[in-house]
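Before any comments, here is the structure.
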Amino acid sequence: MCGRMVQSKSPKNLQAILNFKDNPEMSFTPRYNIAPTAEIIAVRQKEEERELSYFHWGLIPMWARDRNFSTQTFNARSETLAEKASFKEAFKRRRCLIPVDGFYEWQQGPSSKNKVPFYFQKESEEPIVFAGLWEFWRDANNPEAPPIESCTIVTTAANSFMQSFHHRMPVMLAKEDWQLWLDPNFEDIATLERLLKPRESLSISAHPVSSAVGNTRNDSPDMTKPIASQPSLF
DNA sequence: CCAGACGTTGTT
DNA sequence: GTCTGG
DNA sequence: CCAGACGTTGTT
DNA sequence: GTCTGG
Numbered sequence: 005m006c007g008r009m010v011q012s013k014s015p016k017n018l019q020a021i022l023n024f025k026d027n028p029e030m031s032f033t034p035r036y037n038i039a040p041t042a043e044i045i046a047v048r049q050k051e052e053e054r055e056l057s058y059f060h061w062g063l064i065p066m067w068a069r070d071r072n073f074s075t076q077t078f079n080a081r082s083e084t085l086a087e088k089a090s091f092k093e094a095f096k097r098r099r100c101l102i103p104v105d106g107f108y109e110w111q112q113g114p115s116s117k118n119k120v121p122f123y124f125q126k127e128s129e130e131p132i133v134f135a136g137l138w139e140f141w142r143d144a145n146n147p148e149a150p151p152i153e154s155c156t157i158v159t160t161a162a163n164s165f166m167q168s169f170h171h172r173m174p175v176m177l178a179k180e181d182w183q184l185w186l187d188p189n190f191e192d193i194a195t196l197e198r199l200l201k202p203r204e205s206l207s208i209s210a211h212p213v214s215s216a217v218g219n220t221r222n223d224s225p226d227m228t229k230p231i232a233s234q235p236s237l238f
């Protein structure tokens with residue numbers, strides 16, 4: 005769950021909601037069809053301030069031999085964050101918020117070769133804020149190279165709305181939980197885990213979109229536009 | 001003890 | 001680095 | 001997540 | 001079928 009998403013709102017736009025510090029250095033390109041291993045923006049706590057920066061989507065633990073590890077860690081199950089070697093350190097000290105316009109999900113059709121992509125977004129114009137973890141990694145084979153900062157999106161059981169599409173969904177945090185999730189000094193695992201339970205009141209809408217979204221070369225606002233849910237027979 | 005994996009999704 | 005399997 | 005490749009020898 | 005690239 006959650007392997008394709010949209011980040012088109014400018015940092016300036018997001019800053020009003022997420023209160024990170026200005027970073028005039030950062031260049032931003034709106035994207036409408038982001039896949040795992042791409043660079044995505046996320047917010048983390050840096051000392052007293054929040055910081056927005058780019059992260060490689062797919063968490064690379066410090067001990068990983070190569071970055072290819074990240075192809076299997078673009079999601080992290082909330083139920084086992086505290087146990088899994090790949091995530092437990094980041095869960096304790098390196099949590100982040102991942103603001104998105106929305107995300108895509110493929111609903112399984114009647115036959116196994118028949119998947120329909122849907123776009124999910126907030127019913128309001130607000131961004132959805134995913135719970136994420138981040139990590140930094142140095143390539144032992146290339147110590148000269150700059151370290152890579154990577155991240156993952158935490159998933160949970162689908163709520164009743166998402167259930168009709170999928171049995172999992174990304175954790176979408178309520179605004180009042182953002183501060184606690186970001187705080188690296190907060191280490192009460194039980195309290196953090198409570199934030200990751202599926203919430204019913206998410207105000208998410210869904211509509212089917214063009215199958216063109218399947219190909220990551222297609223990256224335009226058209227990807228998010230509704231199409232008729234059933235192809236006409238005549 | 002050392003060696004080798006370390007992950008998710010979905011599907012069977 | 002840390003856990004699991006042998 | 002989906003789309004697309006998936007191999008060798010030898011020569012440039 | 002399974003891995004890699006986007």
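Sequential numbering from 5 applies to the first sequence in the working numbering. No residue lacks a Cβ here, since even glycine has one placed at the ideal position from N, Cα and C.
For the beta strand (DSSP E) containing residue i, list its first residue and its last residue.
i: Phe-190; result: Counting along the chain, Phe-190 falls outside any beta strand (DSSP E), and DSSP gives it neither H nor E.
i: Lys-246; result: Since the first residue of the chain shown is 5 and the last is 238, residue 246 is not available in this structure.
i: Ser-57; result: 53 to 61
i: Val-240; result: Residue coverage of the chain in this structure runs from 5 to 238, which leaves residue 240 outside it and unanswerable.
i: Arg-172; result: 172 to 174
i: Asn-37; result: 35 to 38
Mark residue i as exposed unless 16 or more other C-beta atoms lie within 10 angstroms of its C-beta, in which case mark it buried.
i: Leu-237; result: Because Leu-237 carries a pLDDT of 47, less than 50, the predicted location of this residue cannot be relied on, and no value is offered for it.
i: Gly-106; result: buried
i: Ser-31; result: exposed
i: Trp-138; result: buried
i: Pro-34; result: exposed
i: Gly-113; result: exposed
i: Ala-42; result: buried
i: Ile-193; result: exposed
i: Pro-235; result: Because the pLDDT of Pro-235 is 49, which lies under 50, any placement of that residue in the model is unreliable, and the question is left without a value.
i: Ser-90; result: buried
i: Glu-109; result: buried
i: Thr-228; result: buried
i: Thr-2; result: The structure shown does not extend to residue 2, since the chain is modelled only from 5 through 238, so no value can be given for it.
Return the first residue and the last residue of the alpha helix (DSSP H) that residue i is part of.
i: Ala-20; result: 15 to 22
Contact defined as beta carbons within less than 8 angstroms: I believe residue i pairs with residue j. What is the distance between those atoms, to the nearest angstrom?
i: Trp-182; j: Val-133; result: 7 angstroms
i: Pro-151; j: Phe-140; result: 5 angstroms
i: Leu-85; j: Ala-46; result: Between Ala-46 and Leu-85 the Cβ distance is about 17 angstroms, and since that is not below 8 angstroms, they are no contact.
i: Glu-55; j: Lys-25; result: 6 angstroms
i: Gln-111; j: Phe-169; result: 5 angstroms
i: Trp-185; j: Ala-135; result: 6 angstroms
i: Arg-98; j: Pro-188; result: 7 angstroms
i: Met-5; j: Met-173; result: 6 angstroms
On the DSSP bridge list, what partners appear for residue i?
i: Pro-230; result: Val-213
i: Leu-67; result: A small correction: the amino acid at residue 67 is Trp; Leu does not occupy that position in the sequence shown. Partner(s): none; Trp-67 has no beta bridge.
i: Gly-106; result: Val-10, Gln-125
i: Gly-130; result: Sequence inspection shows Glu at residue 130; the Gly mentioned does not correspond to that position. According to DSSP, Glu-130 bridges with nothing at all.
i: Phe-140; result: Glu-153
i: Asn-79; result: Ile-157
i: Trp-182; result: Per DSSP, none; premise fails for Trp-182.
i: Gln-4; result: Within the shown structure, residues of the chain are numbered from 5 to 238, placing residue 4 beyond reach of any answer.
i: Pro-202; result: BP columns for Pro-202 are empty, so no partner.
i: Arg-99; result: Leu-137
Who are the Cβ neighbours of residue i in its own chain at under 7 angstroms, not counting the five residues just before and after it?
i: Lys-4; result: Nothing can be reported for residue 4, as the shown portion of the chain is limited to 5 through 238.
i: Ser-239; result: The chain is shown from 5 up to 238; residue 239 falls before or after that span and cannot be answered.
i: Tyr-231; result: Note that residue 231 is Ile in the sequence shown here, rather than Tyr. The residues are Pro-212, Val-213, Ser-214.
i: Arg-81; result: Thr-159
i: Arg-142; result: Pro-151
Grab me the residues of residue i's own chain with a C-beta within less than 8 angstroms of its C-beta, minus the 5 sequence neighbours each way, in chain order.
i: Gln-11; result: Pro-34, Arg-35, Ile-38, Ile-44, Ile-45, Pro-103, Val-104, Asp-105
i: Ser-57; result: Asn-27, Met-30, Ile-45, Ala-46, Arg-48, Glu-153
i: Asn-23; result: Arg-54
i: Glu-130; result: Ile-21
i: Lys-92; result: Leu-85, Ala-86
i: Lys-177; result: Before going on, a small fix: residue 177 reads as Leu here, not Lys. Contacts found: Leu-101, Val-133, Phe-134, Ala-135, Trp-185, Leu-199.
For residue i, collect the residues of the same chain with a Cβ closer than 6 angstroms to its Cβ; drop the 5 residues on either side in sequence, then sort them by chain order.
i: Ala-210; result: Phe-122, Phe-124
Could you check if residue i belongs to the surroundings of the ligand MN, using beta carbon to heavy atom distance under 7 angstroms?
i: Ser-215; result: Only the bare structure without any ligand can be found here, which leaves the ligand MN out of the picture.
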